[in-house]
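Reading through the structure tokens given below for one structure.
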Amino acid sequence: MTASSHASNQNRPRRKTNVASRTLYKTPLDSITPYRNPISESKRINDFSPEIEIPAPMESHGVGLRRILELAFCVAGIWTAYIYQGVLQETVSTKRFGPEKERFEHLAFLNLAQSVVCLIWSFMMIKLWPSGSSTGHAPWWSYWSAGITNTIGPAMGIEALKYISYPAQVLAKSSKMIPVMLMGTLVYGIRYSFPEYLCTILVAGGVSAFALAKTSSKTISKLAHPNAPLGYGLCFLNLAFDGFTNATQDSISARYPKTSAWDIMLGMNLWGTIYNLVFMFGWPQASGYQAIQFCKLHPEAAWDILYYCLCGAVGQNFIFFTISRFGSLTNTTITTTRKFVSIVVSSLLSGNPLSRKQWGSVFMVFSGLSYQIYLKWKKLQKMQKKRKTT
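Residue numbering for the sequence shown follows this note's numbering, starting at 6 and increasing by one per position.
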């Protein structure tokens, strides 16, 4: 063979073989990456993950089984973390500690402890899974206003447990759509569909019926200061502050798109720790000193508070993982069913018996929430069809 013919053979394009048994598909090995918050759109943090080769005949079966196992892992993690956190929250707020049968009255201290634990946790996650670029992230001072509402809102929600039972608090905090739709209609003139109004009516009616139904004397006896109007009022104020917090977080995410979920978690809890420290220890008679003294006298309460904070931090991990793998709609479904299970657990294990009317109210609320999830799913399906056709 001459040199010229050899060169022409080298320049000639090679014919592609199409042998099914030898075909290999490359798929990215997704790393577990944190995402912004439970209601925001997912965004990849690490785009430099390695690639692996999977034989084509095994790919669909392996991926399907992996997805099922991941979903089961997410459900188990969210349910375990937040149901146990709810049990601990109810225990700390209602239990009588020591031979003197003292109550832990300083429930705002739970917010400080939660902020400190989540601050440390998010810092560890950022160091373990850095986002790559060190520029383009939201500056730490940009969270100061959201930090205020994120400090006041949860404090009101926890304080409500002095006045209403844990199941009542869970139901009241499940009605977040009510203030959102009211503000949207009255302030911004937004028109909602009839099914959306129906969801709101079911939830509002269920919460109202639960509040008006007679509460058992056993449940009332466990409350520090039974006062249903005050308790429900604190829960709805909690929802209002949460709405401002979520809106501010979304604004920060839009202005600084490279900001990860752990960045937001770090910034929010940094300011939350600062504000709670000032509130709990800002003057000599502040309640933080009394809370510390109570924990020294009753180490059991200190352990309950620590476990409560760890459950919150672990639960955040599972929420971020769920959104990254399955989207916010799946996460909403899991957390909504978790709330229902929390009420059942509280009724059976914590000794909060519910009447038939109250159980009817619970099903009424979760029927509205389930219908809302179904409407979101239909809307998502329509959006996906439009994208395929365009």
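Think of the CB as a built atom: it goes at the ideal place given N, C-alpha and C, for glycine as much as any other residue.
Quantities reported herein were computed from a predicted structural model and do not represent experimental measurements.
Asked	Found
Kindly provide the ranges of any beta strand (DSSP E) runs that are 3 or more residues long and lie completely inside the stretch 304–341, ordered along the chain.	none
Between the C-alpha atoms of Cys314 and Leu124, what's the straight-line distance to the nearest angstrom?	11 Å
Would you call Glu305 buried or exposed, if buried means 16 or more other Cβ atoms sit within 10 Å of its Cβ?	exposed
Using only alpha-carbon positions, find the residue among Cys316, Ile279 and Leu302 that is nearest to Gly103.	Leu302
So, with DSSP's three-state summary, where would you put Phe102?	strand
Would you say Leu217 faces chain D, with C-beta separation under 9 Å as the test?	Checking the listed chains, one finds no chain D in this structure; it contains a single protein chain.
For Glu107, does the three-state DSSP call read helix, strand or coil?	strand
Given this structure, state the Cα-to-Cα distance separating Ala218 from Leu282, to the nearest angstrom.	39 Å
Closest by CA to Glu105, which one among Lys362, Gln363 and Phe299?	Phe299
Is the beta carbon of Ser265 less than 9 Å from the beta carbon of His142?	yes
DSSP state of Thr253, grouped into three classes?	helix
Tell me where the alpha helix (DSSP H) around Lys393 begins and ends.	Arg361 to Thr394
For Met186 and Val208, which I take to be in contact (beta-carbon distance under 8 Å), what is that distance rounded to the nearest angstrom?	Contact flag wrong, Cβ pair sits at about 10 Å.
With 16 as the cutoff for other CB atoms within 10 Å, does Asn42 come out buried or exposed?	Residue confidence is low: Asn42 scores 40 on pLDDT, short of 50, so the model does not pin down where it sits. No coordinate-derived value is stated.
Taking the runs of the alpha helix (DSSP H) that are 4 residues or longer, which of them lie wholly in the stretch 179–257?	182–191, 199–217 and 222–227
Can Tyr171 and Ser221 be called in contact, C-beta distance under 9 Å?	no
Within the same chain, show all residues whose beta-carbon is closer than 6 Å to that of Ser127, passing over the 5 residues directly before and after it, in chain order.	Trp267, Met270 and Leu271
Measure the C-alpha to C-alpha separation of Leu228 and Pro144 and round it to an integer number of angstroms.	42 Å
Compare the beta carbon distance of Leu244 and Gly373 with 9 Å and say whether it is the shorter of the two.	no
Measuring CB to CB, does Gly91 end up less than 9 Å from Tyr280?	no
My output table needs one value for Thr140: the three-state DSSP class, helix, strand or coil.	coil
Which of helix, strand or coil does DSSP assign to Tyr87?	helix
Sorted by chain position, which residues of the same chain lie with C-beta nearer than 6 Å to Trp276's C-beta, five sequence neighbours on each side aside?	Tyr148, Trp149 and Gly152
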